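Chains as they are written, first to last, in this note's numbering: chain A, 985 to 1369; chain B, -10 to 265.
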C-alpha cells in the first residue's frame, strides 16, 4: 500500500503519500466516510418519499428499495474513490497538495459515479427484493425507456450528492487552510515585533539612558532621540511598503548608535552608501535583522568586540547590500537563534522579488573573520539603462 | 556601616560605572576591589581577590553571569572561607529570579532602582553578619549548601544552555575527524566528554577523540538520563561509572568500569550520587 519503488519517503507526515498518512488524519477521514454513508441513507429516504408521492406506490416497499439503492450507491462510489485517489496520486509530486488529497479529480470520479450507481442500483434492488419480497421493475427486464428512467433516477441523485459532498469538504478544507494562514501571519507579526523590541535591548538601553541623564544630559537627549527614531521605525515598518535606502541607513545608524553607547569601545560601525543609490526604494528595515544578528551572535559574545560594516553597491542590474561583522563567526548552535531573522528576510525578499532576489550568509575568509550577509535584489527598471 | 569587599562584572561600561557609584553611595563601607567587563575576568578576579560579594550581569560575553557563578562555586578553594554572596544583575528576568527573593542568591533588575539596590545591600549585610558570627564552619556549610541549591535550580532552568528553547535531536553517533578521515563513534561507546578550551575530548574505552563542538552545544544533544553532567566541563555516561566517593569538601570522586581514569564531580552535582 506504500508508494511504489523509486518514490521518496518524506519524514513530514502531512506531506506523505496517501499510504503513509498520519493515523489521526486517517481516523478523521474514516469518521467522515461513515458520516457520508449515514447522510446517503437519509437522501435515499427523501427520494423514496418523492417517488411515493409521485407514483403512489406502497410507501414502505418504496422506502426500502430507495434506501438500499442509495446506501449501496454511496458505498460503491465512496469505496471506489479511495483506490482511485491513491492510484492517481502515486505519481504526484510528494509535498504537493494533491499528494495528500483523497480526491481523484472529476474525470476519474465521473467514471466511478456511473459504475458505482449501476452496481448500487442492481445490488440495492436485489437486496431490497430479498428484504421485502417485492421486485422493482429492473432495467434488465423492462422497456428501454423504463431502463433509462430508472438508471437516471439513481445516477442523477448520485452525481448531485457526490458534488454536494465534494464541495462541502473542499470548502471546509479551504476554510481550515485560511484560518491556519491567518494565525501564522499574526504569530509571525508578533514574533517580529518581539524580536525587534527585544527586552534585553530595550531595558539595557533604558538603563544607559537613566545613567546618562545624571552625568551628561545633552548626550542623554541625543540618545533618547535615537531611541525614539528606532521605535517609530520599528512600529511603522509593517505599514509602509518601502522607503529610500538612505532612510534605511539612517535607521541602522540610530540602532548602532544605541548599541555603541551600550557596548562602548567593543563596537565600531562603518557605513558605505554611494550617493547615486541613496534614493532607491527598499522595504523598510529589511537589513535590521541582519545587523541585529551580527550584534547578538557575532559581536556581543566576543570579549574584545569588533566592527560592523553596512555597505550598498551596484553590480550591473542588481543592488547588493552587505552586512559584515568581525565577530565570533557562524556556529552550529547560533543558527537556531539567527534562523528567525534570516527566514523573515528571505520571506520578504521572496514575496517582493520572487526568485530574482537572494540572501546568503557566509563566514568571512579574511584574517578578521566574522560573518558576511549579502542581499542581492533587482534594481528598479527606471535605474537600469 | 559594615565593611566588606565587592567585585562587579558588567559588560556595559556606563552601567558598570553607575552600579559602582550607587553602591558606594548606598554602602560606604563597601570596597569595590574590581570592576570587570566579562565572565572569565569575574571568575579570575574573584578567585584572586576573594571578595565577600559579587555582582554579576547575566548576559556577558564569554562566560555568562550564571556560568561565572557556577565556575566560582566549583573552583572556590576550601581554605578561602565562605563563597561570596552572589547578586545577579539583569535587564530582563528570563530566569524567573523572583523565585529567589529572600535567599542567599539575590538579583537586581536593570535599570537599577536605588531603593531596590538598598534592599539588596541590607540583605547581603545580614547574610555576611550571620556568616561571621560565632562558629563559622557550620554556617559556611549551610550557606554554601543554600547557594548551591539555588545555582542548581538556575542551571536547570531551560534557556540557559540553549536560548532557542526547542529541544534539538539526540545524537546517535559522534563524528570526530582524525587526520583526513571522519571516525563515527556510537554514543554508547563514549565513557565521558571533557571540555578542553574550545574543544571537547571524547573518551572511549579504546581511545580518545577531539571534536570542535563546544560542550555547552553538545549537552542539549545528549540523552540526559544516560549522560550526566558532573562538572561544568565534564559529562559522564552514567552506566560507565563504577563507584562514587564523597570527600570532606563535598566533591565526589568517580571511578569508571574498565577504564583507569579517575574523575571528580563538583559540589554542584554531588546530589546526583546517593544510595537508593
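Beta carbons: idealized from backbone N, C-alpha and C, even for Gly. Quantities reported herein were computed from a predicted structural model and do not represent experimental measurements.
For residue 1178 of chain A, the uninterrupted alpha helix (DSSP H) segment begins and ends at 1128 to 1180. Counting only Cβ-Cβ distances below 8 Å, residue 12 of chain B has no contacts in chain A at all, with the closest Cβ about 14 Å away. Using a Cβ-Cβ cut-off of 8 Å, residue 1188 of chain A is close to 1, 4, 80 and 99 of chain B, given in chain order. Here residue 1290 of chain A is not near residue 1263 of chain A, since their CB atoms are 9 Å or more apart. Counting along the chain, residue 1203 of chain A sits inside no beta strand (DSSP E); it lies in the alpha helix (DSSP H) bounded by residues 1201 to 1220.
If you draw a 10 Å sphere on the C-beta of residue 264 of chain B, you find fewer than 16 other C-beta atoms in it, and that means exposed. Our two residues, residue 1047 of chain A and residue 1020 of chain A, have alpha carbons roughly 19 Å apart in a direct line. CA-CA distance, residue 256 of chain B to residue 160 of chain B, rounds to 28 Å. Listed in chain order, the positions of the segment 43 to 56 of chain B with a beta carbon within less than 7 Å of a beta carbon of chain A are 48, 50 and 51.
For residue 1299 of chain A, the beta-bridge partners assigned by DSSP are A:1302. Residue-level contact check: residue 107 of chain B does not touch chain A, since none of the beta carbons of chain A fall below 9 Å from its beta carbon. Ranked by Cα distance from residue 5 of chain B, the options B:44, B:-8, B:14 and B:-6 are led by B:44. As the crow flies, the alpha-carbon of residue 1238 of chain A is around 48 Å from that of residue 225 of chain B. Interface with chain B (9 Å Cβ-Cβ cutoff): residue 1051 of chain A is excluded.
The beta-bridge partner set that DSSP reports for residue 24 of chain B consists of B:-3. For residue 1014 of chain A, the enclosing alpha helix (DSSP H) covers residues 1007 to 1039. Cβ-Cβ separation between residue 1196 of chain A and residue 1203 of chain A: approximately 5 Å, consistent with a contact (criterion under 8 Å). In this chain, residue 1073 of chain A is not harboured by any beta strand (DSSP E); it is covered by the alpha helix (DSSP H) spanning 1043 to 1073. Counting only Cβ-Cβ distances below 9 Å, residue 24 of chain B has no contacts in chain A at all, with the closest Cβ about 13 Å away.
Across the segment 1057 to 1072 of chain A, no CB contact with chain B closer than 7 Å is found for any residue. Take the alpha-carbon of residue 1251 of chain A and the one of residue 11 of chain B: they are about 26 Å apart. In this structure, residue 1253 of chain A places its C-beta atom within 9 Å of the C-beta atom of residue 1294 of chain A. Rounded to the nearest angstrom, the Cβ distance from residue 55 of chain B to residue 47 of chain B is 6 Å, consistent with a contact under 8 Å. Here the alpha carbons of residue 1227 of chain A and residue 1341 of chain A stand approximately 18 Å from one another. The continuous beta strand (DSSP E) containing residue 217 of chain B extends over residues 216 to 220. Annotation: the segment 1211 to 1289 of chain A contains the following complete segments of the alpha helix (DSSP H) (minimum length 4 residues), in chain order: 1229 to 1247 and 1272 to 1277. Around the beta carbon of residue 210 of chain B, 16 or more other beta carbons sit within 10 angstroms, so the residue counts as buried. Cβ neighbours of residue 70 of chain B within its own chain (closer than 6 Å, five residues either side excluded): none.
Among the residues facing chain B, residue 1014 of chain A is not included, as its CB has no counterpart in that chain under 9 Å away.
Relative to residue 186 of chain B, the option among B:201, B:180, B:163 and B:177 whose CA is nearest is B:201. Each residue's CA atom was taken as its position, placing residue 1032 of chain A and residue 1136 of chain A some 15 Å apart.
Counting only runs of at least 4 residues, the segment 164 to 249 of chain B fully encloses the following alpha helix (DSSP H) elements, listed from N- to C-terminal order: 204 to 207. Counting only runs of 4 or more residues that sit fully inside the segment 42 to 88 of chain B, the alpha helix (DSSP H) segments are 54 to 64, in chain order.
Residue 164 of chain B and residue 180 of chain B have their alpha carbons spaced roughly 15 Å apart. Of the candidates B:237, B:238, B:232 and B:236, the residue whose Cα lies closest to the Cα of residue 245 of chain B is B:232. Ranked by Cα distance from residue 0 of chain B, the options A:1357, A:1327, A:1345 and A:1285 are led by A:1285.
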